[in-house]
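Working notes for the structure below.
Number of protein chains: 2
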Amino acid sequence: MRASDIAYESLRDDILNWRIPPGTALSETELALRLGVSRTPLRAALARLALEGLVDTSRGRTGVVPDVSVESIAQQFEVREALELQAARLAARRRDPEVFADLAESFAHATETLASGGTDAYYAVVARFDNAMDDAVGNPAMRQALESVRVHLVRARRLAQDNPQRLVQAAAEHRLICEAVRDGDAELAASATAVHLRGSLTTITATLQQRAANETTPGPDRPTQEGA
Amino acid sequence: MRASDIAYESLRDDILNWRIPPGTALSETELALRLGVSRTPLRAALARLALEGLVDTSRGRTGVVPDVSVESIAQQFEVREALELQAARLAARRRDPEVFADLAESFAHATETLASGGTDAYYAVVARFDNAMDDAVGNPAMRQALESVRVHLVRARRLAQDNPQRLVQAAAEHRLICEAVRDGDAELAASATAVHLRGSLTTITATLQQRAANETTPGPDRPTQEGA
DNA sequence: CTGGGACATTTTGTATACAGAAGTCTGGAG
DNA sequence: CTCCAGACTTCTGTATACAAAATGTCCCAG
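Chains as they are written, first to last, in the working numbering: chain A, 4 to 231; chain B, 4 to 231.
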C-alpha cells in the first residue's frame, strides 16, 4: 500500500473518530513526522481530505478540521435528502427483490442484533443496506455523490451513537424502506426515506445542542487529557 | 498564483474544451514539461482533477481522460435532477424576488441576446442564473455538489453548443423556473426544472448519438471542414 | 509460428533540499 | 503601558533526485 494511502486513511480515521478535534491546525511537518511518512505523500493525503470536506483550507494556509455545527449538519441533510430520495426511487425500479427482502428481514431482527452485537453490529447491517441501495441504483456518479455526503455525517453519528432507542426506531424505518424497494414502490420508498432522514436529523440536532450545552465535553474516542 | 493552480486550470480548460480528447493518457513528466512546472504541483493538479471526475485513475496507474458516453451523461443527469430539483424548491422558499424577476426578464430577451452576442452571451446569463440559485439556496454543501455535477456536463454542452434552436427553447424553460422561484412556488419551480433537465438531456443524447454515427468527427476546437 | 520469460525502458511513488512568505515575538519609542 | 517596527522562526510551495514497479519488447525454446 502506498504511503499516501496510509496517511490518508490514518488521518481520515482520526478525524472521523474525533481523535483530532475540530479546530486543530494540521501542520504538514508535524503530521509527516508522526505518521512516519515524508511530506510529499502527506500533502496528497491532505489534499484528498480537503476535497472531501474533512479538512478546511479556505481560510489561512494551514488546514484545519472543520467544526460540526447544527447548521452545517442541516445543510448536509438538504443535499442528502435530495440524493437519497432519488436513489430510493431508482433503486425501487431496478432492484433485485430478494436482496431487499433479506435486508428487511435483517432490520426486523435489529433489536436482537443490537442486544447481542451492539451498535457496531447494527451499523454493519446499515452498511449492507447502503451498499445494496448503491448496487440497485447502478449509477457510479450517484454512489460517489452519496458517499461524499455520508462521510460528513459519520462524525455526527459518532456523537449520537449512544442512543439505542433511536437505533431501534431507525431500524423500523429502514425496514419500511427495504419493503418498499422490494415491492418496487418508488414513491413509498422515497417517502419512507424522507421519514427516516427527518428522524435522523432530529436526533443528531438534539445531540449536538445537548453537547453544546456542556461545552467542555470531549469527543468519544479522545483520551481526556486536559489536566496538563 | 501557485504553480499547481496554473497546471490545474490549464489542464481543466484543455479537457473541458476537448483539446485533450477522451482516452488520452496523462503522463506526468510530459505534462510537467509542457506546462513548465515541476512534477510535484502537477501531481496535485492531477489529483484534484481525478477527484472531480475529469481524470480517471481507476484502471491502470496512468490517468486517462474519461469518455463522454450517452450512458455516463444519463447517470450524471440522475444525480443532477435530484440536486437541481431540491435546489429549486429551496430557492423558491428563500429567494430575493427582485433577483429572479430580473433574471426572468433577461431570459425573456434571450432571442435578442443570442442574435447580438451569440451563444457566449447566452451562457453568461445562464451562469448568472446558476449563481443566483446557489445564492438563494444559501447552502455551501449544495453549491459544491451542484458544481461538481455541472462540470461533467460542460464537455457535453460544448458538443451540443451549435444548436441555437434548443437554446431558445431552454431560455423559455429557464424563464419559467425564474418566475416560479420569484413567486415562491416551490413545486412549480421543481417541475419547471424537471422539464428543463429533460429537454437538456434529450438534446445532449441526440447530439452524442449523432456524433457517434460519424465517428471520425473531431471535437469543437479542432478545425472542422464538413460542409457548413 | 506461437508462447513464455527475462530484460530494458518508462512511469509512478517517495524523500529531501531549498526558497519564499507569513505569522510571531521582542525590543524600543512615544 | 501600549503600539509599532523589524527580525526571526516556522510553515508551505516547488524542484530534483532516487527507487521501485509495471509494462512492453525481444529473444529463445518448443
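Backbone N, C-alpha and C fix where the C-beta goes; we use that ideal spot for every residue, glycine too.
Would you mind working out which of the options sits nearest residue i, comparing C-alpha positions?
i	options	result
Asp70 (chain A)	A:Ile18, A:Leu93, A:Glu12	A:Ile18
Ala28 (chain A)	A:Glu55, A:Ser7, A:Gly63	A:Gly63
Thr206 (chain B)	B:Val154, B:Arg83, B:Gln168, B:Pro143	B:Gln168
Arg5 (chain B)	B:Ser30, B:His155, B:Leu156, B:Leu45	B:Leu45
Ala183 (chain A)	A:Ala209, A:Asn134, A:Ala104	A:Ala104
Thr208 (chain B)	B:Ile76, B:Glu55, B:Val58, B:Glu31	B:Ile76
Ala124 (chain B)	B:Val171, B:Leu93, B:Glu150, B:Val154	B:Val171
Thr122 (chain A)	A:Ala148, A:Ile23, A:Asn166	A:Asn166
Asp137 (chain B)	B:Glu31, B:Gln89, B:Ser61	B:Gln89
Asp133 (chain A)	A:Gly120, A:Leu117, A:Glu150	A:Glu150
Arg15 (chain B)	B:Arg146, B:Gln147, B:Leu191, B:His155	B:His155
Ala174 (chain A)	A:Leu200, A:Asp186, A:Ala215	A:Leu200
Asn20 (chain B)	B:Ala130, B:Val157, B:Asp186	B:Val157
Arg146 (chain A)	B:Gly56, B:Arg131, B:Ala130	B:Gly56
Ala130 (chain B)	B:Leu191, B:Ser119, B:Ser109	B:Ser109
Ala135 (chain A)	A:Thr116, A:Ser119, A:Ile180	A:Ile180
Ala163 (chain B)	B:Glu190, B:Tyr126, B:Arg51	B:Tyr126
Just grab the DSSP bridge partners of residue i for me.
i	result
Val67 (chain B)	B:Ala28, B:Asp59
Pull up the CB-CB distance for residue i and residue j, whole angstroms please, since I reckon it's below 8 Å.
i	j	result
Leu86 (chain B)	Val152 (chain B)	6 Å
Glu81 (chain B)	Ala197 (chain B)	Rounded, the Cβ-Cβ distance is 12 Å, inconsistent with contact.
Glu176 (chain A)	Gly202 (chain A)	6 Å
Ala193 (chain B)	Arg92 (chain B)	5 Å
Ala148 (chain A)	Ala148 (chain B)	6 Å
Pro100 (chain B)	Arg22 (chain B)	In fact, because the Cβ distance is near 42 Å, the residues do not count as touching under 8 Å.
Within this structure, are the beta carbons of residue i and residue j separated by less than 9 Å?
i	j	result
Ala107 (chain B)	Asp188 (chain B)	no
Arg98 (chain A)	Ala139 (chain A)	yes
Ala144 (chain B)	Gln78 (chain A)	yes
Gly66 (chain B)	Ala53 (chain B)	yes
Ala111 (chain B)	Arg178 (chain B)	yes
Val128 (chain B)	Ala113 (chain B)	yes
Ser72 (chain B)	Leu211 (chain B)	yes
Arg26 (chain A)	Val68 (chain A)	Checking the sequence, you will find Gly at residue 26 (chain A) rather than Arg. In contact: Gly26 (chain A) and Val68 (chain A) (Cβ atoms closer than 9 Å).
Leu36 (chain B)	Ala10 (chain B)	no
Glu74 (chain B)	Leu49 (chain B)	no
Ser7 (chain A)	Thr43 (chain A)	yes
Taking 8 Å as the line, does the beta carbon of residue i fall inside it for any heavy atom of the ligand HEM?
i	result
Val71 (chain A)	Ligands displayed in this structure: none; no statement on the ligand HEM is therefore possible.
What alpha helix (DSSP H) runs, 4 residues minimum, are completely inside the segment 180 to 216 of chain B?
189 to 216
Please specify which runs of the alpha helix (DSSP H), each continuous and at least 4 residues long, are wholly inside the segment 98 to 176 of chain B, giving them in chain order.
100 to 111, 113 to 140, 143 to 163
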